[in-house]
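Residue numbers (my numbering), protein chains in the order written: chain G, 2 to 415; chain Z, 2 to 415. Backbone N, C-alpha and C fix where the C-beta goes; we use that ideal spot for every residue, glycine too.
There are 2 protein chains.
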Amino acid sequence: PFDNQPIAKPTNRRYVPPTSQRKSRTVSEFLKEINWLHASLLLTTPVIAVYGMMSVSLTWKTFVWTFIYYHMTGMGITVGYHRLYSHRSYKATLPIRILLLLFGAGAIEGSCRWWSRDHRAHHRYTDTDKDPYSAHSGFFWSHFGWLMMKQDPSKIGRSNIEDLNADKWVMWQHRNYLPIAFFFGFVFPTLVAGLGWDDWMGGYFYAGVLRLVTVHHSTFFVNSLAHFIGDTPYDDNHSPKDSIITAILTFGEGYHNFHHEFPTDYRNAYSTFGYDPSKWAIKLMELLGLVYDLNTFSKNEIQKGMIQMRQKNVEQLKQVIHWGTAIESLPEMTEEDFDAQCKQGKKYIIIDSIVLDVETFIDEHPGGVSYIKMGLGKDATKMFRGEVYGHSNAANNLISQFRIARFISKEKNN
Amino acid sequence: PFDNQPIAKPTNRRYVPPTSQRKSRTVSEFLKEINWLHASLLLTTPVIAVYGMMSVSLTWKTFVWTFIYYHMTGMGITVGYHRLYSHRSYKATLPIRILLLLFGAGAIEGSCRWWSRDHRAHHRYTDTDKDPYSAHSGFFWSHFGWLMMKQDPSKIGRSNIEDLNADKWVMWQHRNYLPIAFFFGFVFPTLVAGLGWDDWMGGYFYAGVLRLVTVHHSTFFVNSLAHFIGDTPYDDNHSPKDSIITAILTFGEGYHNFHHEFPTDYRNAYSTFGYDPSKWAIKLMELLGLVYDLNTFSKNEIQKGMIQMRQKNVEQLKQVIHWGTAIESLPEMTEEDFDAQCKQGKKYIIIDSIVLDVETFIDEHPGGVSYIKMGLGKDATKMFRGEVYGHSNAANNLISQFRIARFISKEKNN
Ligand code: HEM
Ligand code: HEM
Ligand SMILES: [Fe+2]
Ligand SMILES: [Fe+2]
Ligand SMILES: [Fe+2]
Ligand SMILES: [Fe+2]
Chain G
2 PFDNQPIAKP TNRRYVPPTS QRKSRTVSEF LKEINWLHAS LLLTTPVIAV YGMMSVSLTW
62 KTFVWTFIYY HMTGMGITVG YHRLYSHRSY KATLPIRILL LLFGAGAIEG SCRWWSRDHR
122 AHHRYTDTDK DPYSAHSGFF WSHFGWLMMK QDPSKIGRSN IEDLNADKWV MWQHRNYLPI
182 AFFFGFVFPT LVAGLGWDDW MGGYFYAGVL RLVTVHHSTF FVNSLAHFIG DTPYDDNHSP
242 KDSIITAILT FGEGYHNFHH EFPTDYRNAY STFGYDPSKW AIKLMELLGL VYDLNTFSKN
302 EIQKGMIQMR QKNVEQLKQV IHWGTAIESL PEMTEEDFDA QCKQGKKYII IDSIVLDVET
362 FIDEHPGGVS YIKMGLGKDA TKMFRGEVYG HSNAANNLIS QFRIARFISK EKNN
Chain Z
2 PFDNQPIAKP TNRRYVPPTS QRKSRTVSEF LKEINWLHAS LLLTTPVIAV YGMMSVSLTW
62 KTFVWTFIYY HMTGMGITVG YHRLYSHRSY KATLPIRILL LLFGAGAIEG SCRWWSRDHR
122 AHHRYTDTDK DPYSAHSGFF WSHFGWLMMK QDPSKIGRSN IEDLNADKWV MWQHRNYLPI
182 AFFFGFVFPT LVAGLGWDDW MGGYFYAGVL RLVTVHHSTF FVNSLAHFIG DTPYDDNHSP
242 KDSIITAILT FGEGYHNFHH EFPTDYRNAY STFGYDPSKW AIKLMELLGL VYDLNTFSKN
302 EIQKGMIQMR QKNVEQLKQV IHWGTAIESL PEMTEEDFDA QCKQGKKYII IDSIVLDVET
362 FIDEHPGGVS YIKMGLGKDA TKMFRGEVYG HSNAANNLIS QFRIARFISK EKNN
């Protein structure tokens, strides 16, 4: 039944030439293609963050708040934009949906509708030139190069977002995106620290700007690092990879090989011991009755892919091994012939009706010269398989190297 | 060609009932069977060592000497008795052979001839009742229980030691074993510390007795622990196992699954990163010109076993997976039939000439309801394989769960 399961050979994956081979642009063409809004946001925030770190000292309370708000807005993206809205891997009650949309906006990565549209196209056209952040265009491009250039809508793959268009809160966030993003990106974190413990500057520079820069790059790693480093336990036809390092940097989105195979599973880390705080958050909210209908692929389906990959690895390893001359292609040797050759001093031995020439091996025989000599000129199958010694699997493999002929006994011959 | 390689099914492995099921002995019978020399050595030395540790303080120099002499005598066993004499895995110049016999004797584990005879029987009859320290008789027995009882020569398997009988230094050590063992076990370590830095008591208790106890149990672990904990990367028909923990405790003899498959390989740790100081010592001596003809099994032979084990694991995993109804056992469905059923509202879809009933899956389809509906009542093979979306390997696996019939098109039908 296994052979009924072909390893998918997707036909919509196109060859994308490496960046260096693509037609070059003039400087002015290049400048025209830059998305100045994105580029200035992405390039100035790190500078402001460094300036803040040098001029404002970090208090303990602000540190904790920055850390918390880093997770709140980061998971706004991973738990909200990604697992809930792009992949509908679970269902959420209204308050949670609104909170995820608000804090997700605080990560300043575009509206949920826009983000999910691109993300679905990324899944549908992974690694092709219709993928908005194809890993085949390089690490830098998939990380945030793609954000700093204008998108060519005619090139990017289409994806279906009917469900999001029909969701009034998603549309509300989309229409009012700029003020919401500005408020939750900068104002809210500053207000909390300012009203809370009178650290307005710390709130702005640390919980606001520095936190924003780290959330940006954490989540960008899902598109870059997660397609570059790690293992491919479920499928190695495409670039997504599983890596604990990426997982730690991305609130648990580092099991990306799993995720591209099972995108509507609310988990990214399939293993209980994998680092996936986004999964834990969803599970916790389920226990609190805030979300429901968590979607998982069955163990059976998940293991299928894992087993096929292992099988594939074993098959590949088998190719590089020399298994000895195939039995079918060995010449025949009659009993008379065998006896005559042995009399002339040939060091032949028969195991499993195959004539082995052990000349070179006698002195190396791990069981000693005298034992192997007992078998010379004879059918030593029984000695070899237990009468004298039940040889290891390794020894059973080794004999194939000495094959020279198929033995034809007198009985058979007549 | 792989199928020509049968996994060995050794025929000389006999069933050994667990100790608890064997016929019980009376106390006086039991006492008669005790090997009092061994038992008193093995049971009193730890007591003496503890007494010494409580009454004599350990100096820094004696500590270093104890550590060194622990390795010298321990490796006298592993590098000498075991890898050189029992398995002839390399050749050594006379000075090295003599040193190994002397320091090996300092581990007080019997003469090299006696030790190797039992060890070869252990390899030949692993896990059977002819194995002098069969792991099937339990951890305690294989560790040192077997040493504390009289050996029944009629029961222990025979092994060939012609080569050792012909080696005059091995025979010299065998004949003069008791004085040599006493000298190198207790006198020599005491003399070094006494004459060297005037610590006679420390030399005796630490480098002598405590060192002896630790060397004993380190090397005994090769027969016990190495048959109980770890992995079986090369063969799982027998008890030997690979474990880094055992390796650390036994001067590198912890890769015991490898060792039982490739006993005449001078290495136990096949991997460069494995912990095997005995291997390193042999390699170092080779560089110094003191030993030569280091024997190894080829990478090809070693990988064969490894690949077969992985293959076996994959096959076992495959057994527990549900791969969907076998195509051969599906009923046939004609095109007319298919069309009629679809008209009545059945949610059928054709992929690879198989009719799938996706009723339960439509709402769960990760690509959205509208896409999968495009395929209903049609042959969706091309849509599924790339025209609309090149589905993952996971999706290709999943469809087998929905199989209900083999599709017979009109063309074929006529
Ligand atoms: C082409 C023929 C042979 C090959 C390739 C071969 C290979 C080996 C190998 C690799 C071992 C190491 C232990 C193991 O892997 O199980 C071994 C051990 C042994 N062999 Fe053979 N052998 C051959 C023929 C024979 C014959 C014909 C006999 C007996 C009549 C024999 C008797 C033994 C014994 C007794 C041992 C165990 C020695 C020990 O572990 O101390 N072998 N042989
Ligand atoms: C029994 C039939 C089908 C099954 C089991 C199935 C299963 C899946 C699965 C598991 C995915 C997740 C991504 C992946 O694994 O590659 C997926 C995505 C998708 N499917 Fe299907 N599918 C089926 C039929 C169809 C059909 C007929 C179409 C189109 C006409 C379609 C269009 C899509 C699209 C466009 C996606 C990508 C959505 C995204 O990743 O955002 N599927 N499908
Ligand atoms: Fe991805
Ligand atoms: Fe995703
Ligand atoms: Fe062993
Ligand atoms: Fe051994």
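* To do: Anything in chain Z within Cβ reach of H323(G), meaning under 8 Å, just list it in chain order.
  => Within chain Z, the residues near H323(G) are N301.
* Taking any Cβ of chain Z, which residues in the stretch 231–243 of chain G have a Cβ under 9 Å from it, in chain order? -> For the stretch 231–243 of chain G, which is checked against every Cβ of chain Z, the residues closer than 9 Å are Y235, D236, N238 and H239.
* Asked: Grouping DSSP H, G and I as helix and E and B as strand, with all else coil, what is L59(Z)?
  -> Coil, per DSSP.
* 6 Å Cβ shell around K411(Z) - same chain, five flanking residues per side excluded -> Excluding sequence neighbours, K411(Z) sits near E336.
* **Assigned exposure category for T233(Z) - 16 Cβ within 10 Å defines buried** => Result: buried.
* Determine the chain G residues that contact S371(Z) at a beta-carbon separation under 8 Å, and present them in chain order. => What S371(Z) touches in chain G: N161 and E163.
* **Own chain partners of H88(G) with C-beta closer than 7 Å, once the 5 adjacent residues on each side are dropped** => Excluding residues up to 5 positions away in sequence, P264 and T265 lie with their Cβ nearer than 7 Å to the Cβ of H88(G) in the same chain.
* Asked: In chain G, what lies closer than 9 Å to L179(Z) by C-beta?
  -> Correct list: empty, because the minimum Cβ distance to chain G is about 29 Å.
* To do: Assuming A227(Z) and A208(Z) form a contact by the criterion Cβ under 8 Å, report the distance between their Cβ atoms to the nearest whole angstrom.
  => Your pair A227(Z) and A208(Z) does not check out as a contact, with CB atoms roughly 26 Å apart and the cut at 8 Å.
* Below 8 Å on the Cβ atoms is my guess for G253(G) versus D236(G); work out the distance and round it to an integer in Å. => Taking the Cβ atoms as the reference, G253(G) lies roughly 20 Å from D236(G), outside the contact range of under 8 Å.
* Note down, in chain order, every chain Z residue with its Cβ under 7 Å from the Cβ of T265(G). => Simply P367.
* Asked: So, is the C-beta of P7(G) closer than 8 Å to a C-beta in chain Z?
  -> For P7(G), the predicted structure reports a pLDDT of 39, less than 50, and the residue's modelled location is therefore unreliable. A value from the coordinates is still provided. Closer than 8 Å to the CB of P7(G) there is at least one CB belonging to chain Z.
* Asked: Looking only at C-alpha atoms, which of G53(Z), D353(Z) and E34(Z) sits nearest to W201(Z)?
  -> From the listed residues G53(Z), D353(Z) and E34(Z), the smallest Cα separation to W201(Z) is found for G53(Z).
* To do: Rounded to whole angstroms, what's the CA-CA distance from R311(G) to I400(Z)? Just pull it up for me.
  => The alpha-carbon atoms of R311(G) and I400(Z) are separated by roughly 21 Å.
* **Residue range of the unbroken beta strand (DSSP E) whose run includes R404(G)** => Residues R404 to I409.
* Asked: So F104(Z) and T74(Z) are in contact, right, with Cβ under 8 Å, and what is the actual spacing, rounded?
  -> Yes, they are in contact, since the Cβ atoms of F104(Z) and T74(Z) sit about 5 Å apart, within 8 Å.
* Select from L59(Z), T273(Z) and V28(Z) the residue whose C-alpha is nearest the C-alpha of F206(Z). => With distances taken between Cα atoms, F206(Z) lies closest to L59(Z).
* Over the uninterrupted beta strand (DSSP E) stretch that includes E333(G), give me the two end residues. => Following the DSSP letters along the chain, one finds E333(G) inside the beta strand (DSSP E) bounded by residues E333 to T335.
* Asked: If we count the other Cβ atoms within 10 Å of its Cβ and call it buried at 16 or more, is A395(Z) buried or exposed?
  -> A395(Z) is buried by the Cβ-count criterion.
* To do: For V80(Z), collect the residues of the same chain with a Cβ closer than 7 Å to its Cβ; drop the 5 residues on either side in sequence, then sort them by chain order.
  => Here the set comprises L101, S279, A282 and I283.
* Asked: Taking only beta-carbon atoms, is Q312(Z) less than 8 Å away from chain C?
  -> Among the protein chains of the structure shown, namely G and Z, there is no chain C.
* **Collapsed DSSP secondary structure at K33(G) in the structure displayed** => Helix, per DSSP.
* Could you give the distance in angstroms between the alpha-carbon of W115(G) and the alpha-carbon of K379(Z)? -> The straight-line gap from Cα to Cα measures roughly 33 Å.
* Asked: Is DSSP giving K92(G) helix, strand or coil here?
  -> Strand at K92(G).
* Is the stretch 356–366 of chain Z in contact with the stretch 332–347 of chain Z, if contact means three or more CB pairs nearer than 8 Å? -> As far as the Cβ criterion goes, the stretch 356–366 of chain Z touches the stretch 332–347 of chain Z, which means the pair count is three or higher.
* Asked: Using a threshold of 7 Å, is the CB atom of N301(G) nearer than that to any non-hydrogen atom of ligand 5?
  -> No, ligand 5 has no heavy atom inside 7 Å of this Cβ.
* Per DSSP, cross-strand counterpart(s) of Y256(G) -> Looking at the DSSP output, Y256(G) sits in a beta bridge with D243(G).
* To do: Kindly say whether S393(Z), judged by its beta-carbon, lies nearer than 8 Å to any beta-carbon of chain G.
  => Residue-level contact by beta carbon holds for S393(Z) and chain G, with a gap shorter than 8 Å.
* Asked: Cβ of A381(G) within 7 Å of any heavy atom in ligand 1?
  -> Indeed, a heavy atom of ligand 1 lies less than 7 Å from the Cβ.
* To do: Decide if the stretch 43–52 of chain Z is in contact with the stretch 210–219 of chain Z; the criterion is three or more beta carbon pairs, one per stretch, under 8 Å apart.
  => Yes, since at least three Cβ pairs between the stretch 43–52 of chain Z and the stretch 210–219 of chain Z fall closer than 8 Å, the two stretches touch.
* **Closest residue to N258(Z) among K169(Z), S225(Z), V28(Z) and G231(Z) (Cα-Cα distance)** => Checked all of K169(Z), S225(Z), V28(Z) and G231(Z); the closest Cα to N258(Z) is G231(Z).
* **Nearest to L291(Z) (by Cα), restricted to the options L85(Z), K300(Z), L44(Z) and I69(Z)** => Nearest in C-alpha terms to L291(Z), of all of L85(Z), K300(Z), L44(Z) and I69(Z), is L85(Z).
* Proximal chain Z residues relative to V315(G), where beta-carbon distance stays under 8 Å -> Within chain Z, the residues near V315(G) are I308, R311, Q312 and V315.
* L357(Z) by DSSP, collapsed to three states: which one? -> DSSP places L357(Z) within a strand segment (E or B) once states are collapsed to three.
* For I78(G), collect the residues of the same chain with a Cβ closer than 7 Å to its Cβ; drop the 5 residues on either side in sequence, then sort them by chain order. => Residues of the same chain with a CB within less than 7 Å of the CB of I78(G), apart from the 5 flanking positions on each side, are G105, A108, E110 and T220 in chain order.
* Asked: Whole-angstrom Cβ separation of Y256(Z) and S90(Z), contact assumed at under 8 Å?
  -> Not really, about 14 Å apart at Cβ, beyond 8 Å.
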